[in-house]
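Single-structure report; data block below.
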Amino acid sequence: MSYTALYRKFRPATFEDVKGQDHIVTTLKNQIKADRTSHAYLFCGTRGTGKTTIAKIFAKAVNCENRTDGSPCGECATCKAIAAGAACRSIGAGASMNVIEIDAASNNGVDSIREIVDEVAYSPAEGRYKVYIIDEVHMLSIGAFNALLKTLEEPPSYVIFILATTEVHKIPITIMSRCQRYDFKRITIDTIAERIRELMEQEQVQVEDKAIRYIAKVADGSMRDALSLLDQCIAFHFGQELTYDKVLNVLGAVDTEVFSRLLRIVLKGNVTESISLLEEITMQGRELTQFILDFTWYLRNLLLIKNADGIEDVIDVSTENLERLKEESKITENDVIMRYIRVLSELSGRIRYAAQKRILVEMTLIKLCRPEMETDAQSLVDRIRQLEEKIENGIPAAFREEAVSSGGTVSKPVVQAELPKAIPEDVKQAVGKWSAIVGETVMPMKAYLKNAYPSLAGDGSLLVVVEDGLPSDYFREAKRREELERIVSDFTGKEIKVTVQSTEQGRNPEELFPDLTKVVSQVIHMEVEELEEEPEELI
């Protein structure tokens, strides 16, 4: 006898066997017990959540000769026939039966639906109802929907339609309005894990609890996916205890500890270490698409831990991983985590069909380590964080690293630009009020000016030098530059021309453009000292 897949072998036969959809099961059972069933149902939800299974149980229950508490008995001739598949058939197969299951993906034309319309006129040969289960109904053509419309609205009393779909937004509103709609929820990790334990006891297979939890998480709310993954893992390690490490190996996944290491490397901005870790993961044969999804999930958990109390039950991690997440939440900022999640989410949308997955992942890791490659607000926050860490670690702001031929680094003092001999009075006034001027601006202009400083242009106008790596493209639009000029003029009482300049990436801007806030403060300091040194006048 051929082997039967777990999800088929243990497909629920009664409403009591269905897991995770109690709100739907209770409603349908009550309708059957009260004999108040509808003529049309629309089952919506993601794959593997029980839509077709519940449809078949419902079809058995309404035709069952000895149902109990709204559930089919499973022992009468009708129940056995439906369970064995003898009473189910595809459209166009011949004699009429009680349950007609149609795959709309392959029978989506008008002719298939017209055949249903013609058959509806004939009452069932046995049992009370003819039940039409149309799976993936959103695949029907517009013409097929129109052909079904009238019959769906006013079918004979002995006909029930059950439409199942994973993409309810594609169903015409005219069809939806004629059906009772039931939304199937994603099944929780706890429910899936409990079901797997129950089935493994029946199969007499030893599975580590940590492995069960991981399979339940990867299934993403789908019981069918969970049982398919479990089947795959058992087959690979047949006759052995299924451990967490073995599951990771079969599914090409990575242990959570690796994500913690990667996060800390990226926070340090160390490109070399991040690429080396990726090399290690690749050589272990891990699936890069799954790696990106799992790392994104890890960052999601970190974001929840950082911003919500009592969230432990929602993120569903072990005690050890929870402590690690709490520790890492103290060394990360919300904007930085959200930037990482955004960049990785963009990658996950492209990597699935990419020919060079590893190159895409390497590019993304470099982007995470080098926030100056992006110009959005989250990247700016990350750059500021990295700069603050360097300063805290004792790296002087007046020094920068330059590569030498030996492959090492050497620190050289930054060469300051020659100070201007004379500064126009209106520019000097603007420099003295620079902090107030920046405070008056609004986002996103404030983000560009937050780390900018004033200098002097060649024509004597005010030169605003934006931070190294930030593009001055934002101010190329005349209206934005005019807005900045208006704010500066309001503070100084004089009309001042403003020029915006961006320096070369990786080069200290003060090598080319002196910071006038320092120059003006030095002049003021010297004037104060001179006043203090003047002798008091004799009376």
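Residue numbers for the sequence shown follow my numbering, beginning at 87 and rising by one. We put the CB at the ideal spot given by N, CA and C, even for glycine. Predicted, not measured: the structure shown is a model, and the values here were computed from it.
CA-to-CA distance, residue j to residue i, given in whole angstroms
i, j, result
"H255", "L430", "27 Å"
"I186", "R444", "47 Å"
"D276", "R299", "8 Å"
"T123", "V104", "20 Å"
"Y426", "I259", "39 Å"
"T135", "Q290", "25 Å"
"T274", "I143", "22 Å"
"K580", "E563", "22 Å"
"K216", "T112", "22 Å"
"A440", "M369", "19 Å"
"Q587", "A191", "59 Å"
"L334", "E284", "22 Å"
"K166", "P242", "26 Å"
"K583", "P600", "18 Å"
"E343", "M449", "22 Å"
"S360", "R350", "10 Å"
Residue range of the alpha helix (DSSP H) that includes residue i
i, result
"A170", "163-170"
"A126", "Unbroken run through A126 is the beta strand (DSSP E), 126-130; no alpha helix (DSSP H)."
"D311", "309-322"
"C455", "443-455"
"S431", "420-437"
"M262", "259-262"
"Y208", "Note, Y208: premise wrong, no alpha helix (DSSP H); not H, not E."
"S157", "Here S157 belongs to no alpha helix (DSSP H), and DSSP marks it neither H nor E."
"V528", "It is not in any alpha helix (DSSP H) - V528 carries neither H nor E in the DSSP assignment."
"F561", "First-last for F561: undefined, no H or E at that position."
"T123", "First-last for T123: undefined, no H or E at that position."
"F144", "137-149"
Secondary structure of residue i, DSSP reduced to three states
i, result
"A230", "helix"
"E253", "coil"
"K216", "strand"
"P540", "strand"
"K580", "coil"
"S192", "coil"
"V291", "coil"
"I378", "helix"
"F96", "coil"
"I248", "strand"
"D276", "helix"
"Q587", "strand"
"D221", "strand"
Residues of its chain near residue i, where Cβ-Cβ distance is below 6 Å and the 5 sequence neighbours each way are ignored
i, result
"L249", "L128, I220, V223"
"E504", "At E504, the pLDDT of 46 sits below 50, so the modelled position is not reliable and the matter cannot be decided from this model."
"L374", "K443, V447"
"R410", "S346"
"R310", "Y93, G134"
"A179", "For A179, the predicted structure reports a pLDDT of 38, less than 50, and the residue's modelled location is therefore unreliable. A value from the coordinates is still provided. So the list is empty, once near-sequence residues are dropped."
"S209", "Y244"
"A394", "none"
Close-in-space but distant-in-sequence residues of the same chain around residue i (CB under 7 Å, 5 per side omitted)
i, result
"I452", "V357"
"S302", "Looking at the sequence shown, residue 302 is not Ser but Ala. Closer than 7 Å at the Cβ level, and outside the excluded window around A302, lie I275, I278, A279, I282, A312."
"P98", "V104, T139, I143"
Where the beta strand (DSSP E) through residue i begins and ends
i, result
"D269", "266-269"
"E187", "185-189"
Near the ligand GDP: residue i beta-carbon under 7 Å from a heavy atom
i, result
"G134", "The ligand GDP is absent from the structure shown, which contains no ligands of any kind."
Residues near residue i in its chain [Cβ-Cβ closer than 8 Å; skip 5 each side]
i, result
"N152", "C159, E161, C162"
Segments assigned alpha helix (DSSP H), at least 4 residues, entirely inside the segment 339-368: 342-354
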